[in-house]
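Novice: So that we are looking at the same thing, I have put the structure below in structure tokens.
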Amino acid sequence: MRRLREEIREHNYRYYVLDAPVISDREWDTMFRRLQDLEAMYPDLVTPDSPTQKVGAPPLDEFKTVEHAVPMLSLQNAFDAGEVAEFDRRVRKMLGKDRIEYIAEPKIDGLAVQLVYRDGVFLRGATRGDGRVGEDVTSNLKTIKPLPLKLRGKPPAEVVVSGEVYMSKTDFAALNRKREQEGEPLFANPRNAAAGSLRQLDSSITRARNLKIFLYAIGSADGAEFKSQYEALEGLKSWGLPVNREIEVFEGIDAAVEFHARLEKRRKELDYEIDGLVIKVNSFAEQETLGQISRSPRWAIAYKFEPEQATTVIKDIVVQVGRTGALTPVAIMEPVQVGGVTVERATLHNQDEIDRKDVRIGDTVIVQRAGDVIPEIVRPVKEKRTGRERKFHIPEKCPVCGGKVYREPGEVVARCTNMSCPAMIKQTIRHFASKGAMDIDGLGSKLVDQLVDKGVVHTVADLYALTLDDLVALDRLAEKSSRNLLEAIDRSRRTTLARFIYGLGIRHVGEHLAQVLAERFQTIDALEKATVEDLVEVDEVGPRVAESIRNFFDEPRNKHVVDELLAHGLRFGKPARRTAPGPLDGKVFVFTGSLGDMKRGDAKRLVEALGGAVASSVSKKVDYVVVGEDPGSKLDRARELGIQIVAEDEFKKMVSREGR
Ligand code: IVH
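Structure follows, in structure tokens:
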């Protein structure tokens, strides 16, 4: 057991401190498991410094306060190169030297702690508190994986070190994602998350948060002879304590200032947040000469980065309508500098988000830019409220077209229901002309852009009024292609009711459902008049879909477009009520790999026309898996479940006339 403990500790050191593991995670797990098993068999032989003891302790009622062995100082800040030069001038003057050796370390944005190791074993740790007394968070610190419970080598009898506990950006994002799903309030940033996690009375919660730590100072270590901060950091590492790797030593301040610029550029790449550079006089003898003023050392300065958060005021909240008709509230703010750029707009995502954060027009808010992402509002500063702030509500009418806005129960997004809303007309036309719908060949995306941008087409009905002159007037459209397009449009006048219904782009009405509706209602008029109650009676139509269809036709502009289309001579062959079962009735297909010259959409339509259905993933309900070239994991799954596998050729036979 002793040997296992030592080996595991050594591997932890290689992993967390040297960043150079020599065994796989799997091998480590095996060793760790073996030690746990032995400890379970021989509980008397468990030592408190065993690597297995990173489990914390029973919940506390409150934290004890402890006086720090060495007071924890704070740092003076510098916000630009001028202030750093000023710091350097003072240092040079006091030391009577031209050039100082500095060491520069990232300023980790977490929370400061001080730890005590006695006889090499972790004894106690506390938060910074007021610098003199802090809260005893020993059991929580014990759960931090990179922090050893026992030091390596031959450390002095008592070692006091300080450092920064932090949460990685990755863990922070995952934590907030989980909290969002569970409806719990989100943490504003990794630092708050780290603080909230370290100050948990129940250390099992802390443990689950996967906190990390970097040590950056030795408070006291009688007997250890370090002459500089650089040596001290090397010493920390040799004892197995994790030290940040982005640390450099410079002659003269200019190089440190240059390092600041370099690190700021790389800030995004690091998986932990840093808010600046700490520049320290390297020599301990010189540090001693310089001493401290009040609670900050004269030998160090925090050279901050451009803040990624700032405070400003929301002047208004406006609504943007996206290409799919989704309404997005956007805050218009007093312009403010965040992370080096001016910010005056920030998305508020949706009404729920606004309600959750309780953001109001007139509020003072904290905005942030994390990396390159769009600025976002972290929270309102409620203390600054005057009572004149106004709550915002998503409008009932679309701000772009005045169309009816509908928000489905259980959905966060509100949408404009007018298919001809200028915000989404391009999408509407593309969908209407697509293969599964009206199948208008030659009406590509670029052409749709032009027709809409030039104001030639405002609704899908306008397509049927296009003339040759309209088309040849467009950029790069030759007469030949114009004629072809007009023919294709004309051809689409004779279609099926199912394709037409699908082409309208009613939310939740896909090709299959359009077919079902066409069969059930037989005419577009009957569908238009159907009530929610009528609709839910149809097999496969639930309340959500029924509401969506009803909402669509309740928007008068949509009804108008349908009437216009009919006036343009659109005619549907009566959809046959399917009486005789189709040859593939009830059969479920899944496709994997590419089907040579046949498009997936066409294959799907063929199957459906013969009464079958197409699923997107393999399950027990599937009858056939059709395998094309380069099949994916669906094929493996099909084999696992023993589902009939059909080659491309066989499939083509099944759906062709000869095959039946
Ligand atoms: S040295 C006397 N080094 O910054 C020197 N501090 O105001 C004391 N911090 O909350 C601090 N990274 O926790 C030092 N590499 C670093 C640091 C660092 C982050 C924090 C520290 C304290 C604040 C100092």
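If you count the sequence shown from 1, position 471 lands on 465 in my numbering, and the numbers rise without skipping.
Just so it is clear, CB atoms sit at the ideal spot from N, CA and C, and this is done for glycine as well.
1) Note down the Cα distance separating G90 from A202, rounded to an integer number of angstroms.
2) Does DSSP put S68 in a helix, in a strand, or in coil?
3) Along the chain, where does the beta strand (DSSP E) containing F244 start, and where does it finish?
4) What does DSSP give as the partner residue(s) for M592 in the beta ladder?
5) So, at 8 Å on beta carbons, what are the nonlocal neighbours of V530 in its own chain, with the 5 sequence-adjacent residues on each side left out?
6) Any heavy atom of ligand 1 closer than 6 Å to the CB of V272?
7) With a threshold of 6 Å (Cβ to nearest heavy atom), would E158 be considered close to ligand 1?
8) Return the first residue and the last residue of the beta strand (DSSP E) that L95 is part of.
9) So who's on the other strand from L209, going by DSSP bridges?
10) Check whether the segment 144 to 153 touches the segment 230 to 246, counting contact only when three or more Cβ pairs, one atom from each stretch, lie closer than 8 Å.
11) Go ahead and pull the three-state DSSP assignment for E152.
12) Please report the residue range of the beta strand (DSSP E) in which E401 lies.
13) Going by beta carbon distance, what residues of the same chain come within less than 8 Å of L(-2), once the five residues before and after it are set aside?
14) Is F547 helix, strand or coil by DSSP?
15) Taking 7 Å as the CB-CB limit, is V337 close to chain B?
16) Could you check if A168 is buried or exposed, using at least 16 other CB atoms within 10 Å of its CB as the buried criterion?
17) Give the straight-line distance between the Cα atoms of A279 and E1, rounded to the nearest whole angstrom.
18) Just how far apart, CA to CA, sit L465 and L559?
19) Which whole-angstrom value is the C-beta distance of V361 and V372, which I expect to be below 8 Å?
20) Consult DSSP for M327 and reduce its assignment to one of helix, strand or coil.
21) So F278 is in the alpha helix (DSSP H); what residue range does that whole segment cover?
22) Does any heavy atom of ligand 1 sit closer than 6 Å to the C-beta of I295?
23) Under 6 Å from any heavy atom of ligand 1, does the C-beta of A249 make it?
24) Rounded to a whole number of angstroms, what is the C-alpha to C-alpha distance between K429 and D435?
25) Name the residue from D310, S162, I17 and V451 whose alpha carbon lies nearest to the alpha carbon of K139.
26) What number of angstroms, rounded off, separates the C-alpha of V601 from the C-alpha of V620?
27) Could you have a look at E409 and say whether DSSP puts it in helix, strand or coil?
28) Tell me which residue opens and which closes the beta strand (DSSP E) that L109 is part of.
29) To the nearest angstrom, how far is it from the Cα of I518 to the Cα of C415?
30) With 16 other CB atoms within 10 Å as the buried threshold, where does H254 fall?
31) Within a Cβ cutoff of 8 Å, which residues of the same chain sit near G595, ignoring the five residues on either side of it in sequence?
32) In angstroms with no decimal places, state the Cα-to-Cα distance between L468 and V503.
33) Which of the three DSSP states, helix, strand or coil, is assigned to S475?
34) Strictly by DSSP, which residues pair up with K48?
35) So does P184 have its beta carbon nearer than 6 Å to some heavy atom of ligand 1?
36) Any heavy atom of ligand 1 within a distance shorter than 6 Å of the CB on L135?
Specialist: Put simply:
1) Residue 90 sits at position 96 when you count from the first residue of the sequence shown. Residue 202 sits at position 208 when you count from the first residue of the sequence shown. Approximately 51 Å, taken between the alpha carbons.
2) Translated into the one-based positions of the sequence shown, residue 68 becomes position 74. S68 falls in the coil class under three-state DSSP.
3) For the purposes of this step, residue 244 is identified with residue 250 of the sequence shown, where counting begins at 1. Where F244 is concerned, the enclosing beta strand (DSSP E) stretches over E242 to E245.
4) Here residue 592 refers to the residue found at position 598 when the sequence shown is read from its first residue. DSSP, once it has assigned bridges, lists no residue as partnering M592.
5) Indexing the sequence shown from 1 puts residue 530 at position 536. Excluding residues within five positions, the ones whose Cβ falls inside 8 Å are G536, P537 and A540.
6) As a first step, residue 272 must be located in the sequence shown, where it is residue number 278. Yes, the Cβ of V272 comes within 6 Å of a heavy atom of ligand 1.
7) Along the sequence shown, one-based indexing puts residue 158 at 164. Within the cutoff, so yes.
8) Along the sequence shown, one-based indexing puts residue 95 at 101. The sequence as given places Glu at residue 95; Leu does not occur at that position. Counting along the chain, the beta strand (DSSP E) containing E95 begins and ends at E95 to I102.
9) Stepping through the sequence shown from its first residue, residue 209 is reached at position 215. Partner(s): G157.
10) yes
11) Numbered from its first residue, the sequence shown carries residue 152 at position 158. E152 falls in the strand class under three-state DSSP.
12) Position 407 of the sequence shown, counted from the first residue, corresponds to residue 401. The question names Glu, but residue 401 in the sequence shown is Arg. Run containing R401: V399 to R401, per the beta strand (DSSP E) assignment.
13) Indexing the sequence shown from 1 puts residue -2 at position 4. Hits under 8 Å: M25, R28, L29 and L32.
14) As a first step, residue 547 must be located in the sequence shown, where it is residue number 553. If DSSP states are grouped into helix, strand and coil, F547 belongs with the helices.
15) Annotation note: the requested chain B is absent from the structure, which comprises a single protein chain.
16) In the sequence shown, counting from the first residue as 1, residue 168 sits at position 174. By the 10 Å Cβ count, A168 comes out exposed.
17) Locating residue 279 in the sequence shown gives position 285, counting from the first residue. Locating residue 1 in the sequence shown gives position 7, counting from the first residue. Using only the alpha carbons, I get a separation of about 38 Å.
18) Translated into the one-based positions of the sequence shown, residue 465 becomes position 471. Translated into the one-based positions of the sequence shown, residue 559 becomes position 565. Approximately 20 Å between the Cα atoms of the pair.
19) Locating residue 361 in the sequence shown gives position 367, counting from the first residue. Locating residue 372 in the sequence shown gives position 378, counting from the first residue. Rounded, the Cβ-Cβ distance is 7 Å, consistent with contact.
20) Counting from 1 along the sequence shown, the entry for residue 327 is found at position 333. The answer is strand: DSSP assigns M327 an E or B state.
21) Residue 278 sits at position 284 when you count from the first residue of the sequence shown. Run containing F278: F278 to L284, per the alpha helix (DSSP H) assignment.
22) Residue 295 sits at position 301 when you count from the first residue of the sequence shown. No, Cβ of I295 sits at least 6 Å from all heavy atoms of ligand 1.
23) Your numbering for residue 249 matches position 255 in the sequence shown. A249: no, Cβ never under 6 Å from ligand 1.
24) For the purposes of this step, residue 429 is identified with residue 435 of the sequence shown, where counting begins at 1. For the purposes of this step, residue 435 is identified with residue 441 of the sequence shown, where counting begins at 1. Taking the straight line joining both Cα atoms gives about 8 Å.
25) Counting from one through the sequence shown, the residue named residue 139 turns up at place 145. Here the closest residue by C-alpha is S162.
26) On the sequence shown, position 607 is the one that residue 601 refers to. On the sequence shown, position 626 is the one that residue 620 refers to. C-alpha separation (whole angstroms): 12 Å.
27) To locate residue 409, count along the sequence shown from 1; it is residue 415. Note that residue 409 is Arg in the sequence shown, not Glu. Strand at R409.
28) Here residue 109 refers to the residue found at position 115 of the sequence shown. Start and end: L105 to R112.
29) Against the sequence shown, residue 518 aligns to sequence position 524. Against the sequence shown, residue 415 aligns to sequence position 421. Whole-angstrom Cα-Cα distance: 22 Å.
30) Position 260 of the sequence shown, counted from the start, is the residue given in the question as residue 254. The residue is buried, with at least 16 neighbouring Cβ atoms inside 10 Å.
31) Translated into positions along the sequence shown, residue 595 becomes position 601. So the list reads K429 and G430, once near-sequence residues are dropped.
32) Counting from 1 along the sequence shown, the entry for residue 468 is found at position 474. Counting from 1 along the sequence shown, the entry for residue 503 is found at position 509. L468 and V503: Cα-Cα distance of roughly 33 Å.
33) Numbered from 1 along the sequence shown, position 481 holds the residue referred to as residue 475. DSSP places S475 in helix when its eight states are reduced to three.
34) Walking along the sequence shown from the start, residue 48 turns up at place 54. Looking at the DSSP assignment, K48 forms no beta bridge with any residue, so it has no partner.
35) Residue 184 sits at position 190 when you count from the first residue of the sequence shown. Answer for P184: no, Cβ out of range of ligand 1.
36) Residue mapping note: residue 135 aligns to position 141 of the sequence shown, counting from 1. Not so, every heavy atom of ligand 1 lies at least 6 Å from the Cβ.
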